[in-house]
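2 protein chains.
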Amino acid sequence: MQYQFSEVINELKPSFIREILKLTVKPEIISFAGGLPDPSLFPHQSIKEASNAMFDRNDRSIFQYTTTEGHAGLREWIAKRFSDTHNVEVSSDQVMIVSGSQQALDLFGKIYIDPQDAVVMEAPTYLGAIQAFRMYQPKFKEVELQEDGLDTDQFLATMQEEDSKFFYGIPNFQNPTGLTYSTQKRQQVADILQQTGKIMLEDDPYGALLFEEEGQSSPDTRPIYALAPDNVVYMGSFSKVFVPGFRLGWVIAPKPALAKMIIAKQAADLHTNSFVQELLYEYVTTHDLDAHIDLIRQTYATKKACMVQAINTYLGDEVELFPTSGGMFIWVRVPGVAIMDLLTVAIEKNVAFVPGEAFSLTGGYTDHMRLNFTSLEEDQIVEGVKRLKAALDAYRANQ
Amino acid sequence: MQYQFSEVINELKPSFIREILKLTVKPEIISFAGGLPDPSLFPHQSIKEASNAMFDRNDRSIFQYTTTEGHAGLREWIAKRFSDTHNVEVSSDQVMIVSGSQQALDLFGKIYIDPQDAVVMEAPTYLGAIQAFRMYQPKFKEVELQEDGLDTDQFLATMQEEDSKFFYGIPNFQNPTGLTYSTQKRQQVADILQQTGKIMLEDDPYGALLFEEEGQSSPDTRPIYALAPDNVVYMGSFSKVFVPGFRLGWVIAPKPALAKMIIAKQAADLHTNSFVQELLYEYVTTHDLDAHIDLIRQTYATKKACMVQAINTYLGDEVELFPTSGGMFIWVRVPGVAIMDLLTVAIEKNVAFVPGEAFSLTGGYTDHMRLNFTSLEEDQIVEGVKRLKAALDAYRANQ
Numbered sequence: 001m002q003y004q005f006s007e008v009i010n011e012l013k014p015s016f017i018r019e020i021l022k023l024t025v026k027p028e029i030i031s032f033a034g035g036l037p038d039p040s041l042f043p044h045q046s047i048k049e050a051s052n053a054m055f056d057r058n059d060r061s062i063f064q065y066t067t068t069e070g071h072a073g074l075r076e077w078i079a080k081r082f083s084d085t086h087n088v089e090v091s092s093d094q095v096m097i098v099s100g101s102q103q104a105l106d107l108f109g110k111i112y113i114d115p116q117d118a119v120v121m122e123a124p125t126y127l128g129a130i131q132a133f134r135m136y137q138p139k140f141k142e143v144e145l146q147e148d149g150l151d152t153d154q155f156l157a158t159m160q161e162e163d164s165k166f167f168y169g170i171p172n173f174q175n176p177t178g179l180t181y182s183t184q185k186r187q188q189v190a191d192i193l194q195q196t197g198k199i200m201l202e203d204d205p206y207g208a209l210l211f212e213e214e215g216q217s218s219p220d221t222r223p224i225y226a227l228a229p230d231n232v233v234y235m236g237s238f239s240k241v242f243v244p245g246f247r248l249g250w251v252i253a254p255k256p257a258l259a260k261m262i263i264a265k266q267a268a269d270l271h272t273n274s275f276v277q278e279l280l281y282e283y284v285t286t287h288d289l290d291a292h293i294d295l296i297r298q299t300y301a302t303k304k305a306c307m308v309q310a311i312n313t314y315l316g317d318e319v320e321l322f323p324t325s326g327g328m329f330i331w332v333r334v335p336g337v338a339i340m341d342l343l344t345v346a347i348e349k350n351v352a353f354v355p356g357e358a359f360s361l362t363g364g365y366t367d368h369m370r371l372n373f374t375s376l377e378e379d380q381i382v383e384g385v386k387r388l389k390a391a392l393d394a395y396r397a398n399q
Numbered sequence: 001m002q003y004q005f006s007e008v009i010n011e012l013k014p015s016f017i018r019e020i021l022k023l024t025v026k027p028e029i030i031s032f033a034g035g036l037p038d039p040s041l042f043p044h045q046s047i048k049e050a051s052n053a054m055f056d057r058n059d060r061s062i063f064q065y066t067t068t069e070g071h072a073g074l075r076e077w078i079a080k081r082f083s084d085t086h087n088v089e090v091s092s093d094q095v096m097i098v099s100g101s102q103q104a105l106d107l108f109g110k111i112y113i114d115p116q117d118a119v120v121m122e123a124p125t126y127l128g129a130i131q132a133f134r135m136y137q138p139k140f141k142e143v144e145l146q147e148d149g150l151d152t153d154q155f156l157a158t159m160q161e162e163d164s165k166f167f168y169g170i171p172n173f174q175n176p177t178g179l180t181y182s183t184q185k186r187q188q189v190a191d192i193l194q195q196t197g198k199i200m201l202e203d204d205p206y207g208a209l210l211f212e213e214e215g216q217s218s219p220d221t222r223p224i225y226a227l228a229p230d231n232v233v234y235m236g237s238f239s240k241v242f243v244p245g246f247r248l249g250w251v252i253a254p255k256p257a258l259a260k261m262i263i264a265k266q267a268a269d270l271h272t273n274s275f276v277q278e279l280l281y282e283y284v285t286t287h288d289l290d291a292h293i294d295l296i297r298q299t300y301a302t303k304k305a306c307m308v309q310a311i312n313t314y315l316g317d318e319v320e321l322f323p324t325s326g327g328m329f330i331w332v333r334v335p336g337v338a339i340m341d342l343l344t345v346a347i348e349k350n351v352a353f354v355p356g357e358a359f360s361l362t363g364g365y366t367d368h369m370r371l372n373f374t375s376l377e378e379d380q381i382v383e384g385v386k387r388l389k390a391a392l393d394a395y396r397a398n399q
C-alpha cells in the first residue's frame with residue numbers, strides 16, 4: 001500500500017535533534033533538555049478540593065458539549081484579570097479558551113498564513129512555533145534578539161517588506177534565551193506594528209514567572225498588546241502557572257481576528273475540554289492563584305540561582321551566560337565549541353541539554369545551549385553542571 | 001486596521017443555517033436540531049469515584065505534559081477491546097488518542113489533502129467533516145448513500161478517478177441519515193479500496209449504540225477497517241458512549257499514516273489532556289463500560305421508538321422515514337416541501353430541526369430534515385412532533 005500523503009507533511013523531515021533527545025529519557029541521565037514545570041508544585045490537594053466541590057453541585061453540563069469560545073465565567077475572569085493587571089481594557093468576548101498555547105499557534109497559522117507568506121521570527125525562537133507555522137508553508141525571516149529585546153532597526157526594515165505577514169515573539173523570559181524586552185523596545189515594537197499596519201502574535205507563557213532578586217530592579221513585563229491592542233493577538237497559558245496536563249490556554253484578540261480563530265477552532269476540535277474548564281474556574285474562584293504563583297516564582301528563583309552559581313563555579317571561564325530574571329531557561333554560549341558534538345559527549349556523561357541549532361531557522365547558534373532549571377532538584381542541578389564540565393573536558397581532549 | 005487573513009479562512013462564509021439555528025436555543029423551543037447525548041446518562045457518580053481514586057494515588061504525572069500519542073494504558077486498552085470486539089489484530093502502537101473525533105478529521109485532512117485533491121464523501125454527509133476538510137482546500141465528490149449503504153458502482157467509478165484522494169464515510173447509523181451499510185456493501189467497499197489502492201477515513205462514533213428491536217435482526221456493524229486494515233484509518237470516540245466534554249477520541253491507523261498524524265498532532269496541540277486520559281483509564285479499568293453502554297442503548301431505543309410512533313401518529317401520511325436501528329438521528333423526507341421555509345415556520349411554532357441542505361455539498365436534500373431523539377424526554381418528543389405537524393399545516397396554508 002502506497003500512502004499518498006500531502007506535500008506539507010511529506011516535507012517535514014524527522015528531526016535529528018529530536019532523535020538524539022530521545023536518548024535522554026534514561027533514568028541515569030540528568031536532563032536540562034526539558035521544559036517541564038516542577039511537578040512537586042502542582043496544587044494537587046487544591047485541585048482535588050475544587051474537583052469535589054464541582055462534583056457535589058451535580059451539574060451534568062460539566063460533561064456536555066460546550067461552545068467553541070469556551071467557559072463564559074472563565075473567559076470573564078481572564079478578561080478582568082488581564083485588564084486589571086495590565087491596565088488595558090479587554091472584554092470577555094475578546095477571549096477564547098484554547099487547547100493549550102500550541103493550539104493558538106496552529107489556529108493563528110491557519111487564519112493568517114498563505115503559502116509563501118513570510119513569518120517574522122525572533123532569532124533564536126521557540127521550536128514549537130516553527131513546527132506549528134510550517135504546516136501552512138510560509139517562508140521565515142529572522143530578526144536578531146539582543147539583550148534588551150529585538151533589533152528594532154532590523155525589525156522595522158523587515159516588517160516594511162511587502163511579504164512580511166506577521167511577527168511572532170515572546171517578549172518575556174523568552175524561550176530559549178530567557179531574555180526580556182526593555183520598556184523602550186516594547187514601545188518601539190508597538191509603534192512599528194502600528195506604522196506598518198501589521199500584526200504580532202505575542203506569546204506570553206512565562207510573564208508571570210518573574211523572580212525578584214536582591215539588588216536588581218524588576219523588568220517591565222507589560223504585554224505589547226496593551227500598547228497596540230488592534231495589532232496584537234495575545235496568547236496566555238495556564239501550563240506554567242497551574243498545570244500543563246489540562247491543556248488550557250487562551251487568546252485575547254481584536255474581534256475580527258477572534259471571529260476567524262473561532263471558525264478555525266470549531267473545525268479543529270469543536271471546543272476545549274469543558275470538564276477541566278469548569279474545574280479550573282472552580283479553582284481560580286475559590287483558591288488564591290496569585291499565592292500559588294508566588295510559590296512557583298520563589299522556587300524557580302532559588303533553582304535558577306543554584307544553576308547560575310554551579311555554572312560560575314564549574315564552567316565560569318568557559319561559558320557566557322545570558323541574563324534572565326524569570327521563566328524556565330538559561331541560554332548559554334560556549335564559545336568555539338561545536339555544540340552538537342558536545343551534546344554527544346554529554347549524553348555519554350549522563351547529562352543532556354537542547355543544542356542552540358534547535359531554535360534556529362538557519363542553522364545558527366551552533367555554540368549555544370538551552371538549560372532548563374525548573375524540573376530538577378538543586379543537588380541534581382549541581383551534579384548535572386559538574387557532568388557538563390566533565391563532558392566539556394572530554395570534548396576538548398578529543399579536539 | 002486591515003487584517004490580512006489567509007485565503008482559506010476568508011473563503012469560509014458564515015453559515016446561513018448556523019445563523020438560523022442560533023434562534024433555537026430559546027428555552028421555549030423544543031429542538032430536534034442538536035446532536036447532544038442525554039446528559040442524565042452521564043455516569044456522574046462513577047466518574048467522581050474514579051476521580052477520587054486517581055487523586056488518592058497522589059501521582060503528579062496526571063498533571064504533567066505527556067506524549068503526543070497519549071496514555072499508554074488507555075491505548076493498550078483500546079487496542080485490546082477493538083481487537084477482541086471486531087476480530088482483527090490491532091497493536092497499541094497503532095492507536096493515538098485525539099482531542100475528540102473532530103481533531104482526527106482535522107489531522108487527517110492535514111496529512112492527506114493537497115489543494116484541489118478530491119475527497120469522496122457520502123451524500124448526504126456529516127457537516128463537521130466538511131468543515132474540517134475545507135480548511136485544506138479540496139474538491140469534493142459525492143457518492144449516493146442508499147438504504148443498504150453506498151452506491152458501490154458509483155463508488156468504484158469515483159475512486160478510480162485519478163484525483164480522488166480518499167473516501168470519508170460513516171458506515172454505522174450515519175449522521176444525518178441513521179443508515180447502516182449491509183455486510184455485502186462493507187465487503188464491496190473494502191474490495192474497492194484495495195483494488196484502487198486508496199484509503200478510507202472510517203468515522204464510527206455511533207457503532208456501539210445499536211438498538212435491539214423485537215422482530216428485527218441486528219445489523220452488521222463490524223468496521224471496514226477489519227476487512228482492509230492497510231486501507232483504513234478508523235476513528236473512535238468516547239463522546240457518545242461516555243461523555244463528550246472530555247473531548248476524548250482515538251484513531252487506529254496503519255503505522256505509516258499514524259506516524260504522520262503524530263507529527264501533525266504535535267504541531268496542533270502537543271498532546272491531549274493527560275488528566276482526563278488518566279481519569280478515563282481509571283474509569284474503564286474499575287467500572288463496567290459495557291453495562292453503561294447497554295443503559296444508553298436501551299434509553300435511546302425507547303426514545304427512538306417514541307419518536308417514530310409520534311411521527312406515524314401525527315405526520316404519518318406526509319413524511320417518509322428512513323430506517324435506522326441505532327445512533328442518535330432519524331432522517332425524514334417531507335416530499336414536495338421546501339424544508340428551509342418549513343424551518344422558518346417551525347421556529348415560530350417553537351420547534352426546530354436541521355434542514356437537509358446542511359448535509360449536502362451541492363445544495364441537495366431540500367425536502368429532508370434530521371431529527372435528534374437522544375437529548376429530549378419522551379413527552380417533549382411527542383410535543384415537538386405535534387408542533388412539527390402544526391408547522392407543516394401552517395406552511396401548506398401559505399402555499
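Residue numbers (the UniProt record's numbering), protein chains in the order written: chain A, 1 to 399; chain B, 1 to 399. We treat Cβ as the ideally placed atom computed from N, Cα and C, and that holds for glycine.
9 Å Cβ cut-off: residues of chain A touching residue i
i	result
S51 of chain B	K48, S51, N52 and F55
I113 of chain B	S6
Residue i to residue j span [Cα, whole Å]
i	j	result
L107 of chain A	L342 of chain B	37 Å
F82 of chain B	V251 of chain B	11 Å
D163 of chain B	M96 of chain A	38 Å
T85 of chain B	Q131 of chain B	31 Å
A228 of chain B	A190 of chain B	6 Å
T221 of chain A	N273 of chain B	29 Å
D269 of chain A	L41 of chain A	30 Å
I29 of chain B	L388 of chain B	12 Å
V332 of chain A	A123 of chain A	15 Å
I263 of chain B	F5 of chain A	13 Å
F322 of chain A	E147 of chain A	8 Å
N312 of chain B	K386 of chain B	11 Å
residue 411 of chain A	P43 of chain B	What the structure shows of chain A is the stretch from 1 to 399, and residue 411 of chain A is not part of that stretch, so it cannot be assessed.
Q2 of chain B	G197 of chain A	7 Å
D203 of chain B	T152 of chain B	18 Å
Chain A residues whose Cβ lies nearer than 7 Å to that of residue i
i	result
K165 of chain B	Q4
G100 of chain B	D269 and L270
For residue j and residue i, believed in contact at Cβ under 8 Å, the rounded distance
i	j	result
H368 of chain A	G356 of chain A	3 Å
M135 of chain A	V8 of chain A	6 Å
F275 of chain B	F246 of chain A	6 Å
I111 of chain B	K260 of chain B	4 Å
A352 of chain B	A346 of chain B	6 Å
T286 of chain B	A79 of chain B	Contact flag wrong, Cβ pair sits at about 19 Å.
L209 of chain B	I296 of chain B	6 Å
Under 9 Å from the C-beta of residue i: neighbouring residues of chain B
i	result
N231 of chain A	M1
Under 8 Å from the C-beta of residue i: neighbouring residues of chain B
i	result
P171 of chain A	Residues of chain B passing the Cβ test: none, with the nearest at roughly 20 Å.
S40 of chain A	R60
Chain-ordered neighbours of residue i on chain A, where CB pairs are closer than 8 Å
i	result
residue 420 of chain B	Outside the displayed range of chain B (1 to 399) lies residue 420 of chain B, so it cannot be described from this structure.
T66 of chain B	G245
Proximity test, Cβ basis, 8 Å: residue i and chain D
i	result
P335 of chain A	In the structure shown, chain D cannot be found, because the protein chains are A and B.
Residues that residue i contacts on chain B, provided the C-beta gap is smaller than 7 Å
i	result
V243 of chain A	F63
N273 of chain A	G245, F246, R247, N273 and V276
Pair every Cβ in the region 230-238 of chain A with every Cβ in the region 57-65 of chain B, then say whether three or more of these pairs are closer than 8 Å. no
List, from N- to C-terminal side, the beta strand (DSSP E) runs of 3 residues or more that fit wholly inside the region 291-353 of chain B. 329-333
Segment contact flag, the region 17-27 of chain A with the region 289-302 of chain A, C-beta cutoff 8 Å, min 3 pairs: no
Given 8 Å, three or more beta-carbon pairs between the region 66-80 of chain A and the region 88-105 of chain A: yes
Would the region 204-218 of chain B count as touching the region 321-334 of chain B if we require 3 or more Cβ pairs under 8 Å? Contact between the region 204-218 of chain B and the region 321-334 of chain B is present, with at least three C-beta pairs closer than 8 Å.
Okay, do the region 164-178 of chain A and the region 116-128 of chain A touch, 3+ Cβ pairs below 8 Å being the bar? As far as the Cβ criterion goes, the region 164-178 of chain A touches the region 116-128 of chain A, which means the pair count is three or higher.
Report the start-end ranges of each beta strand (DSSP E) in the region 206-233 of chain A that is 3 residues or longer and not cut off at the edges. none
Touching by the beta-carbon criterion (3+ pairs, under 8 Å), the region 38-54 of chain B and the region 187-206 of chain B: no
Quick check for students: name the residue ranges of the beta strand (DSSP E) that lie wholly in the region 229-293 of chain B, counting only runs of 3 or more. For the region 229-293 of chain B, whole beta strand (DSSP E) runs of length 3 or above, ordered along the chain, are 232-237 and 249-252.
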